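Some notes on the structure that comes next.
Protein chains: 2
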Amino acid sequence: MKEIRGFIIDLDGTVYTGQHAIEGAVEAVKKLQSLHIPFVFLSNRGNYSREMCRAKLEQMGLSVAADQILLSSTVTARFLQEHYPQQAVWPFGDPGLEEELRSYGINVASAPELAQWLIITLHESLTYEQLNQAFRAVRHGAGIIATNEDKMFPTEAGDCIDVAGMIGAIVHATGVSVSHVMGKPSTLMAHAALSVLDLPAESCIVVGDSLTSDVGLGKRHGMTTALVLTGNATEQDVMSAELQPDYISENLLQLVDYYMAERDSRET
Amino acid sequence: MKEIRGFIIDLDGTVYTGQHAIEGAVEAVKKLQSLHIPFVFLSNRGNYSREMCRAKLEQMGLSVAADQILLSSTVTARFLQEHYPQQAVWPFGDPGLEEELRSYGINVASAPELAQWLIITLHESLTYEQLNQAFRAVRHGAGIIATNEDKMFPTEAGDCIDVAGMIGAIVHATGVSVSHVMGKPSTLMAHAALSVLDLPAESCIVVGDSLTSDVGLGKRHGMTTALVLTGNATEQDVMSAELQPDYISENLLQLVDYYMAERDSRET
Chain A
32 MKEIRGFIID LDGTVYTGQH AIEGAVEAVK KLQSLHIPFV FLSNRGNYSR EMCRAKLEQM
92 GLSVAADQIL LSSTVTARFL QEHYPQQAVW PFGDPGLEEE LRSYGINVAS APELAQWLII
152 TLHESLTYEQ LNQAFRAVRH GAGIIATNED KMFPTEAGDC IDVAGMIGAI VHATGVSVSH
212 VMGKPSTLMA HAALSVLDLP AESCIVVGDS LTSDVGLGKR HGMTTALVLT GNATEQDVMS
272 AELQPDYISE NLLQLVDYYM AERDSRET
Chain B
32 MKEIRGFIID LDGTVYTGQH AIEGAVEAVK KLQSLHIPFV FLSNRGNYSR EMCRAKLEQM
92 GLSVAADQIL LSSTVTARFL QEHYPQQAVW PFGDPGLEEE LRSYGINVAS APELAQWLII
152 TLHESLTYEQ LNQAFRAVRH GAGIIATNED KMFPTEAGDC IDVAGMIGAI VHATGVSVSH
212 VMGKPSTLMA HAALSVLDLP AESCIVVGDS LTSDVGLGKR HGMTTALVLT GNATEQDVMS
272 AELQPDYISE NLLQLVDYYM AERDSRET
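The listed protein sequences derive, respectively, from chains A and B.
So the first sequence is numbered by my numbering: it starts at 32 and just counts up by one.
So the second sequence is numbered by my numbering: it starts at 32 and just counts up by one.
Structure (structure tokens):
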């Protein structure tokens, strides 16, 4: 922990579950803020905009700048801005995706048949008509970009189907494969986080509840990794996992406290 | 045509498109009725019940018995009745599926987690919550049966995503494959039709707009086949197709007229 100068923190299952903050998480982030330790939230959520996410954290008592939040919708918008600035997209997902794309000036097509790219994310307000529009976009030649490819996410009411469901529907019915997946553990997400923190990978720790997305991202990009047991993964999962995190914590607060204790011992 | 004593007739794209009868189709069926030539409607629709379908045909001016209609939902219900009479199912599709299953006394589970089988069909009134329930059924151990696996169907408003979309969503998110597909060109559908007609395959002609489903079913089961150009397939498609129909007609009426002319010439 001695070399760590910045935190990359997952949101769902690490800071909150559904609409509820996870015990100690708000306190943990406030401790980082009070010590001016740089951090960025890095989430595979693609159906929110940064502004929606910022407002949600505010409601939980956490004041952060929208710039400290990177969602897979954000990284998708940046990717489009850089690589396909002239092309029109058709968003297939909850309204937060379109909001985020528009906030980066991405051109949203006026009809699915006119889009060069179909952007797929989680769609909790899905209708058949929207599914059909997405289908027609691809039938008329749009390529497919997925904000992420998570299969499920945990909620208080039980496990829920994630973006993989929306992807499977379109891919299976059209026979067209996904061209780009944006979400963790991708290099795009890792680089976006490092660029916000303005730190090299070896000075950063990634903290999250997913062995694949969070620990995976850290391992692939030379970061220190910490798994929290407040979401997806259990200790059982870790035992059978190929990717072993550097640290395992009950929750985010325990990890931050451990970091601060190490930091204090270094300073004294 | 000389040996033909019974007709197996597709519905969507052959008798009607959406809510509208195809030109000449009602007249064609009435001609068969007036001559007492046995026929059965055989459709891959799994989101209707026979009763719903009978009422739709009635509205178009065709009076047929529900027993003359075989849908993929009907054949699914029969399959369950024969092979899994004790098992509970969770229907994932428009309400017609559940209506058809219940009409055969199939046990519909009170919660997705309690189902042994998830039955997937077209779902034009899909919500995320229903998608999620289907997901949970499979996550809790239910096997997957699909009424059919058609990828799209034509409507007046354009091509629409079919059952393949709903299948893809569940299969991709759960990693569980489909155990049984009921619809045409399956042997289950062919046998169900022949049993209603009480005729051997070689005395029957199957008429439909799909090379895969209709011509495919006929070819696989020793029936005469006729393709109509009022739906899915075009003459262009036929030229590049592996399966060649015995007859190609502009529409159902043209085919029935040709059959009747042949029949008259045989009788004189």
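We put the beta carbon where it would ideally sit given N, CA and C, even for glycine.
Remember, it's a predicted structure, so these values are computed and weren't measured experimentally.
Residues are counted here when their Cβ sits less than 8 Å from a Cβ of chain B; for the stretch 192-210 of chain A these are Ile192, Asp193, Ala195, Gly196, Met197, Ile198, Gly199, Ala200, Ile201, Val202, His203, Ala204, Thr205, Gly206, given in chain order. Around Asn78 of chain B, no beta-carbon contact reaches into chain A at under 8 Å, the shortest distance being about 11 Å. Taking C-beta atoms as the reference points, Gly189 of chain A and Asn75 of chain A fail to come closer than 7 Å. For Ser74 of chain A, the enclosing beta strand (DSSP E) starts and ends at 70-74.
Scanning the stretch 160-235 of chain B for uninterrupted beta strand (DSSP E) segments of 3 residues or longer gives 174-177, 183-186, 189-192, listed from N- to C-terminal end.
In the three-state reduction of the DSSP assignment, Pro143 of chain B falls in the helix class, which pools H, G and I. In this structure, Val120 of chain B and Ile150 of chain B form a Cβ contact; the two beta carbons are roughly 5 Å apart against a cut-off of 8 Å. The beta carbon of Phe166 of chain B falls within 7 Å of a beta carbon belonging to chain A, placing the residue at that interface. From the beta-carbon of His154 of chain B, the residues of chain A found nearer than 7 Å are Tyr159. Around Leu145 of chain A, the same chain offers Ala119 as residues with beta carbons nearer than 7 Å, after the five sequence neighbours per side are excluded. At least one beta carbon of chain A lies nearer than 7 Å to the beta carbon of Lys182 of chain B.
For Asn282 of chain A, no Cβ of chain B is located within less than 7 Å of the residue's own Cβ. Setting aside the 5 residues that flank it on each side, Met254 of chain A is surrounded in the same chain by Ile39, Ala221, Ala232, Glu233, Cys235, Ile236, Val237, Leu248, each with a C-beta closer than 8 Å to its C-beta; the list follows chain order.
Sequence-distant Cβ neighbours of Tyr278 of chain A in its own chain, meaning closer than 6 Å and more than five residues away, are Ala257. By the C-beta criterion, the stretch 195-211 of chain A is judged to be in contact with the stretch 164-173 of chain A, since at least 3 inter-stretch pairs fall below 8 Å. In the DSSP assignment, Tyr289 of chain B falls within the alpha helix (DSSP H) that extends over 283-298. Pro126 of chain B is not bridged by DSSP to any residue. Out of A:Arg81, A:Met91, A:Ile100, the CA that lies nearest to the CA of Gly127 of chain A is found in A:Arg81. By DSSP's assignment, Ala52 of chain B forms a beta bridge with B:Tyr47. In this structure, Asn263 of chain B keeps its C-beta atom at 7 Å or more from the C-beta atom of Gly55 of chain B.
As DSSP reads the structure, Ala257 of chain A sits in a beta bridge with A:Val238, A:Tyr278. Its chain contains Lys62, Leu66 as the residues whose beta carbon lies nearer than 8 Å to that of Met291 of chain A, once the 5 sequence neighbours on both sides are disregarded; these appear in chain order. Rounded to the nearest whole angstrom, the C-alpha separation of Val139 of chain A and Glu129 of chain A is 8 Å.
Proximity to Leu260 of chain A across A:Glu273, A:Val246, A:Ser226 peaks at A:Val246, based on C-alpha coordinates.
His114 of chain A sits exposed, since fewer than 16 C-beta atoms from the chains shown fall within 10 Å of its C-beta. One Cα belongs to Gln50 of chain B, the other to Ser226 of chain B, and the distance between them is close to 29 Å. Taking a beta-carbon distance threshold of 7 Å, Leu162 of chain A counts as an interface residue toward chain B.
Going by DSSP, Leu248 of chain B is part of the alpha helix (DSSP H) stretching over 247-251. Within the model, the alpha-carbon separation for Gln267 of chain B versus Val194 of chain B is close to 25 Å.
Every beta strand (DSSP E) stretch that sits fully inside the stretch 90-123 of chain A and reaches 3 residues is listed by chain position as 100-102, 119-123.
Around the beta carbon of Glu131 of chain B, 16 or more other beta carbons lie within 10 angstroms, which makes this residue buried.
By the criterion of a C-beta distance shorter than 6 Å, Met91 of chain B is surrounded in its chain by Ala52, Val57, once the five residues flanking it on both sides are discounted. A distance below 7 Å between beta-carbons, with the five flanking residues on each side excluded, links Ala97 of chain A to the following residues of its chain, in chain order: Arg81, Glu82, Arg85.
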